[in-house]
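Single-structure report; data block below.
Residue numbers (my numbering): 61 to 784.
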């Protein structure tokens, strides 16, 4: 047999023997051949059936042996079933597995704990396998046949149908003849009538923006996916709860005027970082309507509270040197009661904070740097005239034992970076505190995206949200352009609001300390390749320590297999603090497949549920390697499943050993290609993920460099779903 390159016919005489006390005539019910035949290169595996001389039988568990060598030992029970019987006798697709068992294996050792159990779906929960539901011959006999317009083996009633008209979105789009309501202009698999359309013109926002030729009404200058005209509408038609200002009434949101402002243009600049163009700040008519007008006694168009670094000292770059500042006044030190907005601009400006300074706001422009090394910086306005904001477009460094505290928002813009003064000092203890932090993406031309890098013993405390905000200009070049959050060594991040990741956010967490999160983890990322929270050296821990929180299931649902942990938004450790209630949700289409309905999953290495904590899934899947459960996991064993090792005999990596694997093994029946080293085969499925039976000779299950009868015996002995 070893000499054959192809096997044309294999017949195994298999005898089914009842255990003592079971129904049947004598000990032997039937002797039937299991035959696999080949027509040229294509193998066809034909399933066997079990019958008695009189009544039809359903095999629950019987013993399988050959006439010569023992191939497998399996415990089965056979029962007589009359025609039309239901329950464990119903077998609508005649595959010798009761319908009830096809859907659920039940308890270990129970009547449904048989080969092939639990492998069918029942999306409409009618107790009938989906393949029978859509069979026009109505094999289940319920006189109801479900349509399957897209031939995806799923009843139409289970497919996404955004307008609830009974026609799956995919079929509605395929059958569309150009009507706006059923077209799919953005190719996201959702009819246009269901996509966001803030101005209700029948053209989805995404398509309106992509087709726009720069007109203000359809442009999207801030890259938030909403046409500018909707951003400016005081009625907030997009419903995001935010309305952009347009103080100069030019049809462009103020934040875009500021972002695109040419250097030196006082009218559209924002020296005090209050998100209002300076020209509107100094206008006595208060066009921005905030009830505050900045003084401009020298009529230069720049609010007088803004103090700019001019670096006129030829001796040093110290903050405390008066001649280094416009008007020779040191900001935040001479008269702390009169706070100033500090602007460090001009290519090459290099400022060293050598004193404690209390200021209104800080604008650190491109190609500049600020070293907080001999003093602390407090960005806070006690009169609430401004926002206490920090905008970093340059290089902001914090030295050992020093801190930057901002009452408002710290924005790290494209090309900006906030990090330690000495990133190689593993004992460096520096602190960044902020009301909120936004790290923006950018392009390579802008110097890449913004970066927040926490190293050594650094700590960052965010009283509100931490938002990794992707720009529509992000370059697809690893972590060079997207917003970058890097937590390493023993640094600690404490977010008291939400942690929000959008688009191509680059995140690496390999600190020995956990990320503390009191709000929701809104992972709206679309690139798992630059999300490193599992394959890291540190703890990789996310510690949920709020009250009621949510966490996004963002990974591709690859089942309870180790491959689900690879480049799939996996977390190394997820901890629910005592008393915390965390719900796993799927509100965003991270996989960009047009489906948002718990088709994505959350993979974690260690799942730690503290005392009194509760993990809810709402039908979404959670897969774990290790579970430490001192709280409550209601869906444990149902939607919360342990990751099991795969089995070598699963040659096509579909989670079970079946006829397809048998065909692959028989198709590679021959000595393994040289060179081949005898030994045990890999015990993980990814080794066979290509599905090529000649690659590394995966069908050599016995490890003797030959695919033959021993390997066939191993495969048959592994028949059925992989253990969970």
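Heads up, the beta-carbon is just placed ideally off N, CA and C, and yes, glycines get one too. Note that the coordinates shown come from a computational prediction; the quantities given were computed from them, not determined experimentally.
- Per DSSP, the unbroken beta strand (DSSP E) holding residue 581 starts and ends at 581-585.
- When beta bridges are read from the DSSP output, residue 689 appears opposite 669.
- The distance from the Cβ of residue 687 to that of residue 667 is about 5 Å, consistent with a contact at the 8 Å cut-off.
- For residue 508, the number of other beta carbons within 10 angstroms of its own is at least 16, and it is reported as buried.
- The three-state secondary structure of residue 622, taken from DSSP, is helix.
- For residue 360 against residue 326, the beta-carbon gap comes to about 6 Å, under 8 Å, which counts as contact.
- Between residue 577 and residue 609, the CB-CB gap stays under 9 Å.
- Residue 267 is a Cβ neighbour of residue 252, given a cutoff of 9 Å.
- When C-alpha distances from residue 591 are compared across 629, 615, 247, 334, the shortest belongs to 629.
- According to DSSP, residue 421 shares a beta bridge with 401.
- DSSP, read as helix, strand or coil, puts residue 775 in helix.
- In the structure shown, residue 233 falls within a helical segment according to DSSP collapsed to helix, strand and coil.
- When only Cα atoms are considered, residue 356 and residue 365 end up about 9 Å apart.
- Counting C-beta atoms within 10 angstroms of its own C-beta, residue 215 has 16 or more neighbours from the protein chains shown and is therefore classed as buried.
- Between the alpha carbons of residue 249 and residue 204 lies a distance of about 28 Å.
- The alpha carbon of residue 202 has as its nearest neighbour, out of 709, 567, 712, 188, the alpha carbon of 188.
- Residue 291 sits close to residue 284, with the two beta carbons spaced by under 9 Å.
- Taking a contact as a CB-CB distance under 8 Å, the pair residue 331 and residue 362 counts as one, their CB atoms being some 6 Å apart.
- The Cβ-Cβ distance between residue 321 and residue 337 falls below 9 Å.
- For a cut-off of 8 Å, the C-beta gap from residue 405 to residue 428 is around 6 Å, short enough to register as a contact.
- In the structure shown, residue 731 adopts extended strand secondary structure according to DSSP, grouped into three states.
- A residue is called buried once 16 or more other Cβ atoms fall within 10 Å of its Cβ, and residue 484, having fewer, is exposed.
- The C-alpha of residue 230 lies about 29 Å from the C-alpha of residue 683.
- The count of Cβ pairs closer than 8 Å, one atom from the segment 695-704 and one from the segment 620-639, reaches three, so the stretches are in contact.
- For the 9 Å CB-CB criterion, residue 278 and residue 312 do not form a contact.
- Our two residues, residue 543 and residue 597, have alpha carbons roughly 22 Å apart in a direct line.
- Here residue 494 carries a strand assignment [DSSP, helix/strand/coil].
- DSSP places residue 286 in no alpha helix (DSSP H); its state is neither H nor E.
- Here residue 366 is bridged, per DSSP, to 401.
- Considering only 651, 297, 557, 454, the residue with the shortest C-alpha distance to residue 585 is 651.
- Counting the other CB atoms within 10 Å of its CB gives residue 154 a total below 16, which places it among the exposed residues.
- In the DSSP assignment, residue 429 is bridged to 410, 455.
- C-alpha of residue 472 to C-alpha of residue 452: approximately 5 Å in a straight line.
- Distance from the Cα of residue 645 is smallest, within the candidate group 613, 654, 664, for 613.
- In the three-state scheme derived from DSSP, where H, G and I count as helix and E and B as strand, residue 463 is classed as strand.
- The criterion of a C-beta distance shorter than 9 Å is not satisfied by residue 492 and residue 547.
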